[in-house]
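Here's the structure we're looking at; comments come further down.
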Ligand SMILES: [Fe+2]
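Residue numbers (this note's numbering), protein chains in the order written: chain A, 1 to 286; chain B, 1001 to 1298.
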């Protein structure tokens, strides 16, 4: 189930985000890691050390690209230079699929560099679908759109976030990067049951799963990627695996980054859910 | 509200400056109460008003862009102090919000903008201009393109009418102080990265750093990259002027004339001097064939 046309039928296992504070460890110890996710924007330059580092990583590890500024939901068109550079990088990394967020963040050529939520409207669906299709056609690889954490809801919204996501991916015929931490954060901020979300997303389109930690404030939760994964998020992960089967899984840790081993060990906790799922399957086969 | 209007309204609100206490301002830049602006498109929940929900994004935006700028200009921040640097950054980002998908380009207009804005660094304005230039040159030298350089043999075949190109990562700087050394001593070399999270970083010291007494002294510097590391290299004035003329598209003959016209170096020593420049430039891989764009312009 997890191997599907949205992740190029790849069984990637458990990866972590490639982050600068870990470079020394990675190059000196060469740890065994199933795969690394890179932030595309950090490597969309012309030359220099970022690309040299990337080439070294590519020699030894599998890499999947994850973007933070394609803004599939922005009403104004993307910068052609952005697309061109992204395609150059795709050719370099040979990423089997590419993900970015179901959000917006720029308007009229000005960038907020944030992942801003969309109003869940038919107009937003049309715009987003058009953009995803265009990017997918241009890059010629499968695209997965990721659900974001959000702190605001719009008066214009006509449906739930999971209905919106489903509509977009079905119409654009693309994959989903299901971030179960983001589902949890948004569920708390918008007062819905996160299981309703996980239980209804089209499982056959889930190309990849993100897990991460967050920060809780008095009146809201912020998606800070600076903590271990909490139990309720692991529960959502377990349910997602139950529905989707073993799926390429990635732990995001972006602030107050601990040692490589700490991050990697946290990610590898996902294995017990994958094993449990495999056990259930084996049992039912007998 | 259609999608485009909503995004324009929300982006304007998110990018509006915060109060001194890092809260969202009560009024939008156009004078409307921000609570009304927010309620136009944002729904409340049981704990937060539309204003408070929008405020989360307003703060995230500023924390993120201010962090990014501080990462690119750590020496400027140290020279004028963290508080002045933040005030400067806010005014700069209001004038020049990001126009690029990458935060890498956020500070590209800062050295130029700072010329007309001495108010953030009165006592050290000229020095601050230098430092901003040196730090931005680092960003450009760090990851700009590298073209195939000409070899010394190829350079030997050139004549006075030849036009050349310089490496895109090579940045030529005229400074009023020897601020390249100052920046180096204040710079902890680091690489930058984008992430999904927008959180506020811990603050460093607020006050400007103590500096040794710096005397004004015209200084010519090349920031460039060699084997993926960025270096600042001092140039002689004549050498700088020649390179600058080449970069601007002058023929080799004209560039050398521009470089040596006001030189105090005796004419008899000039051929040897020029030869030593080219030997060094070739070793540093600085000299390329003219690129197609400038060929078309000429
Ligand atoms: Fe994520």
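Cβ atoms here follow ideal geometry from the backbone N, Cα and C, with glycine treated the same way.
Contact check, residue i vs residue j, beta carbons under 9 Å
{"i": "residue 122(A)", "j": "residue 10(A)", "result": "no"}
{"i": "residue 288(A)", "j": "residue 206(A)", "result": "Examination of residue 288(A) is not possible in this model, given that chain A is present from 1 through 286 alone."}
{"i": "residue 1111(B)", "j": "residue 1129(B)", "result": "yes"}
{"i": "residue 1114(B)", "j": "residue 1072(B)", "result": "no"}
{"i": "residue 107(A)", "j": "residue 75(A)", "result": "yes"}
{"i": "residue 38(A)", "j": "residue 60(A)", "result": "no"}
{"i": "residue 1221(B)", "j": "residue 1175(B)", "result": "yes"}
{"i": "residue 168(A)", "j": "residue 128(A)", "result": "yes"}
{"i": "residue 1101(B)", "j": "residue 81(A)", "result": "yes"}
{"i": "residue 1084(B)", "j": "residue 1121(B)", "result": "yes"}
{"i": "residue 1003(B)", "j": "residue 119(A)", "result": "yes"}
{"i": "residue 1275(B)", "j": "residue 1163(B)", "result": "no"}
{"i": "residue 1167(B)", "j": "residue 1292(B)", "result": "no"}
{"i": "residue 155(A)", "j": "residue 1043(B)", "result": "yes"}
{"i": "residue 277(A)", "j": "residue 245(A)", "result": "yes"}
{"i": "residue 1186(B)", "j": "residue 1075(B)", "result": "yes"}
{"i": "residue 1049(B)", "j": "residue 1026(B)", "result": "no"}
{"i": "residue 150(A)", "j": "residue 204(A)", "result": "no"}
{"i": "residue 1238(B)", "j": "residue 1211(B)", "result": "no"}
{"i": "residue 1099(B)", "j": "residue 110(A)", "result": "yes"}
{"i": "residue 1078(B)", "j": "residue 1208(B)", "result": "yes"}
{"i": "residue 1223(B)", "j": "residue 1232(B)", "result": "yes"}
Residue i versus residue j: straight-line alpha-carbon distance, rounded
{"i": "residue 125(A)", "j": "residue 1284(B)", "result": "53 Å"}
{"i": "residue 1150(B)", "j": "residue 18(A)", "result": "36 Å"}
{"i": "residue 182(A)", "j": "residue 223(A)", "result": "7 Å"}
{"i": "residue 1097(B)", "j": "residue 281(A)", "result": "53 Å"}
{"i": "residue 1082(B)", "j": "residue 137(A)", "result": "46 Å"}
{"i": "residue 201(A)", "j": "residue 1012(B)", "result": "33 Å"}
{"i": "residue 73(A)", "j": "residue 1124(B)", "result": "44 Å"}
{"i": "residue 253(A)", "j": "residue 141(A)", "result": "26 Å"}
{"i": "residue 1325(B)", "j": "residue 1271(B)", "result": "Residue 1325(B) is absent from the structure shown; chain B starts at 1001 and stops at 1298."}
{"i": "residue 290(A)", "j": "residue 247(A)", "result": "In the structure as shown, chain A starts at 1 and stops at 286, and residue 290(A) therefore has no counterpart that could be examined."}
{"i": "residue 1038(B)", "j": "residue 1213(B)", "result": "51 Å"}
{"i": "residue 1192(B)", "j": "residue 35(A)", "result": "Note that residue 1192(B) has pLDDT 39, beneath the 50 cutoff, so the model's placement of it is unreliable and the number below is only indicative. Each residue's alpha carbon lies about 22 Å from the other."}
{"i": "residue 297(A)", "j": "residue 102(A)", "result": "Outside the shown range of chain A (1 to 286) lies residue 297(A), about which nothing can therefore be said."}
{"i": "residue 233(A)", "j": "residue 211(A)", "result": "8 Å"}
{"i": "residue 1153(B)", "j": "residue 26(A)", "result": "41 Å"}
{"i": "residue 1198(B)", "j": "residue 134(A)", "result": "Reliability of the predicted coordinates at residue 1198(B) is poor, the pLDDT of 45 falling under 50, and the value obtained from them is presented with this limitation in mind. Each residue's Cα considered, the two are about 29 Å apart."}
{"i": "residue 1052(B)", "j": "residue 1148(B)", "result": "54 Å"}
{"i": "residue 241(A)", "j": "residue 153(A)", "result": "28 Å"}
{"i": "residue 99(A)", "j": "residue 146(A)", "result": "7 Å"}
{"i": "residue 31(A)", "j": "residue 1008(B)", "result": "46 Å"}
{"i": "residue 1005(B)", "j": "residue 1041(B)", "result": "10 Å"}
{"i": "residue 1136(B)", "j": "residue 1118(B)", "result": "18 Å"}
Neighbour-count burial assignment, residue i, 16 or more Cβ in a 10 Å radius
{"i": "residue 1190(B)", "result": "Low local confidence applies: a pLDDT of 36 at residue 1190(B) is under 50, so the model's placement there is unreliable, and no value is given."}
{"i": "residue 312(A)", "result": "Any answer about residue 312(A) is impossible in this case: the structure gives chain A only from 1 up to 286."}
{"i": "residue 1116(B)", "result": "exposed"}
{"i": "residue 1094(B)", "result": "exposed"}
{"i": "residue 992(B)", "result": "Since the first and last residues shown for chain B are 1001 and 1298, residue 992(B) lies out of range."}
{"i": "residue 4(A)", "result": "buried"}
{"i": "residue 1206(B)", "result": "exposed"}
{"i": "residue 94(A)", "result": "exposed"}
{"i": "residue 260(A)", "result": "buried"}
{"i": "residue 1180(B)", "result": "buried"}
{"i": "residue 41(A)", "result": "buried"}
{"i": "residue 91(A)", "result": "exposed"}
{"i": "residue 117(A)", "result": "buried"}
{"i": "residue 285(A)", "result": "exposed"}
{"i": "residue 50(A)", "result": "buried"}
{"i": "residue 84(A)", "result": "exposed"}
Unbroken beta strand (DSSP E) run spanning residue i, endpoints
{"i": "residue 1158(B)", "result": "No beta strand (DSSP E) holds residue 1158(B); DSSP gives it neither H nor E."}
{"i": "residue 52(A)", "result": "Careful: residue 52(A) lies outside any beta strand (DSSP E), inside the alpha helix (DSSP H) at 49 to 60."}
{"i": "residue 16(A)", "result": "14 to 17"}
{"i": "residue 36(A)", "result": "35 to 39"}
{"i": "residue 82(A)", "result": "Per DSSP, residue 82(A) belongs to no beta strand (DSSP E); it is in the alpha helix (DSSP H), 80 to 93."}
{"i": "residue 1289(B)", "result": "1287 to 1289"}
Bounding residues of the alpha helix (DSSP H) (the contiguous stretch that carries residue i)
{"i": "residue 126(A)", "result": "122 to 139"}
{"i": "residue 1143(B)", "result": "1125 to 1143"}
{"i": "residue 1005(B)", "result": "1003 to 1014"}
{"i": "residue 1171(B)", "result": "It is not in any alpha helix (DSSP H) - residue 1171(B) instead sits in the beta strand (DSSP E) that spans 1171 to 1175."}
Beta-carbon neighbours of residue i, restricted to chain D and to distances below 8 Å
{"i": "residue 111(A)", "result": "Reference to chain D is not applicable here, since the protein chains of this structure are A and B."}
What are the complete beta strand (DSSP E) segments, minimum 3 residues, inside the region 202 to 271 of chain A? 206 to 212, 249 to 252
Give, in chain order, every unbroken run of the alpha helix (DSSP H) that is at least 4 residues long and sits entirely within the region 1224 to 1279 of chain B. Fully enclosed alpha helix (DSSP H) runs of 4 or longer: 1237 to 1247, 1252 to 1260.
Exercise answer, beta-carbon shell around ligand 3 heavy atoms below 5 Å: Because ligand 3 does not appear in the structure shown, any question about it cannot be addressed here, the ligands present being ligand 1.
Taking only runs of the beta strand (DSSP E) that begin and end inside the region 160 to 206 of chain A, which ones reach a length of at least 3 residues, in chain order? 175 to 179
Give, in chain order, every unbroken run of the alpha helix (DSSP H) that is at least 4 residues long and sits entirely within the region 1065 to 1096 of chain B. 1074 to 1080, 1082 to 1095
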